[in-house]
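Reviewing the structure listed below.
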Ligand SMILES: [Zn+2]
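This is the structure in structure tokens:
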């Protein structure tokens with residue numbers, strides 16, 4: 017506390033007294049500083065949110081260990097059990113949004129899972145952070161999808177833990193989407209008007225909100241997808257809402273995260289279903305991944321460091337996004 021010692025008139029006493037009195041000033045200062053720190057802590061009981069890339073990586077591995085997890089498979093049911101269990105352990109209440117999707121492979125039962133962290137501001141809607149947890153079905157090889165899509169589900173689970181002690185301005189809903197992947201080999205190979213062969217869970221969620229007249233309650237949708245590539249490179253996504261993209265990329269710049277590139281790429285993903293019903297959205301995705309949709313999308317090609325980078329940036333961008341929305 018420099019203010020205390022600078023204004024203390026006893027500094028101009030004799031040298032002998034000075035040592036004693038400086039000691040007294042020092043002791044006083046230490047007590048004062050300790051009291052001040054105590055007062056600050058009392059005003060801000062919530063610790064700064066800490067996203068732990070290693071904990072997220074452990075979730076990623078647990079889901080990869082379940083093997084291929086396509087929509088409608090026994091392994092995706094186990095994945096849901098794992099997700100629900102982790103959410104409950106984080107003190108949240110997972111809710112299922114179940115539906116039957118008409119796909120080129122027949123009717124598939126799908127389930128979106130959501131859990132909401134409370135916010136301080138009521139009646140102004142919520143922020144949704146989402147990602148898919150299904151893996152693309154392949155007959156030719158065992159596709160375990162370490163980045164696509166264990167990384168997004170693992171990210172959301174760690175976000176639950178990181179944000180639960182935070183004073184969130186608006187409620188934050190964590191949304192685990194089913195059925196992002198196309199059933200047919202190519203993205204739009206089997207798409208029909210009004211029923212594209214992909215993004216089934218996102219479309220159901222967005223259309224249900226539209227039917228209920230509640231789309232305006234989703235103030236922003238932040239999508240994460242394929243974010244554990246060891247060599248993480250995330251371009252700005254061209255279809256995304258500009259101010260949300262700016263919030264994420266300006267935070268990345270502030271945090272010196274070179275993984276967030278300035279170049280722009282258009283990518284079709286779950287966020288398009290949200291944009292379609294008028295929900296402002298941003299997609300954070302690394303599609304520059306040679307292992308994409310191959311047997312090599314495994315534990316050797318992903319890293320905790322990459323999850324950490326995205327965690328730091330998304331958590332770091334929340335105050336900017338909240339200030340705009342609250
Ligand atoms: Zn995919």
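Residue numbers (the numbering used here): 17 to 342.
Quick reminder that beta carbons are idealized off the backbone N, C-alpha and C, glycines included.
Given the structure is predicted, the values throughout are model-derived calculations rather than measurements.
Report the residue from the options whose alpha carbon sits nearest the alpha carbon of residue i.
i: residue 71; options: 116, 188, 320 and 253; result: 320
i: residue 117; options: 303, 211 and 325; result: 211
i: residue 155; options: 201, 315 and 254; result: 201
i: residue 326; options: 315, 316 and 264; result: 264
i: residue 99; options: 78, 84 and 86; result: 78
i: residue 255; options: 283, 339 and 269; result: 283
i: residue 75; options: 205, 102 and 90; result: 102
i: residue 158; options: 83, 291 and 337; result: 83
i: residue 309; options: 104, 174, 113 and 197; result: 197
i: residue 305; options: 297, 172 and 322; result: 322
i: residue 266; options: 280, 290 and 336; result: 336
i: residue 163; options: 281, 313 and 251; result: 313
i: residue 224; options: 113, 268 and 297; result: 113
i: residue 291; options: 338, 260 and 109; result: 260
i: residue 110; options: 205, 213 and 172; result: 172
i: residue 67; options: 342, 324, 268 and 334; result: 324
i: residue 328; options: 105, 315, 115 and 174; result: 174
i: residue 165; options: 340, 273, 131 and 307; result: 307
i: residue 129; options: 139, 122 and 108; result: 108
i: residue 168; options: 73, 316 and 339; result: 73
i: residue 246; options: 257, 315 and 311; result: 315
i: residue 281; options: 311, 115 and 253; result: 253
Following the continuous beta strand (DSSP E) through residue i, name the residue where it begins and the one where it ends.
i: residue 327; result: Here residue 327 belongs to no beta strand (DSSP E); instead the alpha helix (DSSP H) covers 320–341.
i: residue 108; result: First-last for residue 108: undefined, no H or E at that position.
i: residue 171; result: Taken as a continuous stretch (DSSP letters only), residue 171 belongs to no beta strand (DSSP E), being part of the alpha helix (DSSP H) at 167–179.
i: residue 252; result: 250–253
Hey, is residue i close to ligand 2, as in C-beta under 6 Å from one of its heavy atoms?
i: residue 140; result: You won't find ligand 2 in this model; what it holds is ligand 1.
Measuring CB to CB, does residue i end up less than 7 Å from residue j?
i: residue 369; j: residue 184; result: Residue 369 lies beyond the residue range present for the chain, which begins at 17 and ends at 342; the question has no answer from this structure.
i: residue 170; j: residue 190; result: no
i: residue 244; j: residue 330; result: no
i: residue 299; j: residue 287; result: yes
i: residue 275; j: residue 248; result: yes
i: residue 236; j: residue 65; result: no
i: residue 143; j: residue 188; result: yes
i: residue 277; j: residue 332; result: no
i: residue 220; j: residue 192; result: no
i: residue 234; j: residue 186; result: no
i: residue 343; j: residue 251; result: Nothing about residue 343 can be reported from this structure: the residues present for the chain run from 17 to 342 only.
i: residue 147; j: residue 241; result: yes
i: residue 289; j: residue 222; result: yes
Alpha helix (DSSP H) containing residue i: first to last residue?
i: residue 264; result: 258–270
i: residue 286; result: It is not in any alpha helix (DSSP H) - residue 286 carries neither H nor E in the DSSP assignment.
i: residue 183; result: No alpha helix (DSSP H) contains residue 183, which DSSP labels as neither H nor E.
i: residue 79; result: 69–80
i: residue 152; result: Note, residue 152: premise wrong, no alpha helix (DSSP H); not H, not E.
i: residue 226; result: 216–228
Who does residue i pair with in a DSSP beta bridge?
i: residue 126; result: 115
i: residue 142; result: 234
i: residue 297; result: 237
i: residue 208; result: 211
i: residue 190; result: 131 and 145
i: residue 245; result: 318
i: residue 159; result: Answer is none; residue 159 lacks a bridge partner.
i: residue 280; result: 252
Between residue i and residue j, which are expected to be in contact by the criterion C-beta below 8 Å, what is the C-beta distance as a whole number of angstroms?
i: residue 231; j: residue 294; result: 6 Å
i: residue 96; j: residue 127; result: 6 Å
i: residue 181; j: residue 217; result: About 29 Å separates the two Cβ atoms, so there is no contact after all.
i: residue 124; j: residue 88; result: 4 Å
i: residue 199; j: residue 153; result: 6 Å
i: residue 120; j: residue 213; result: 6 Å
i: residue 94; j: residue 342; result: Residue 94 to residue 342, Cβ: 38 Å. No contact.
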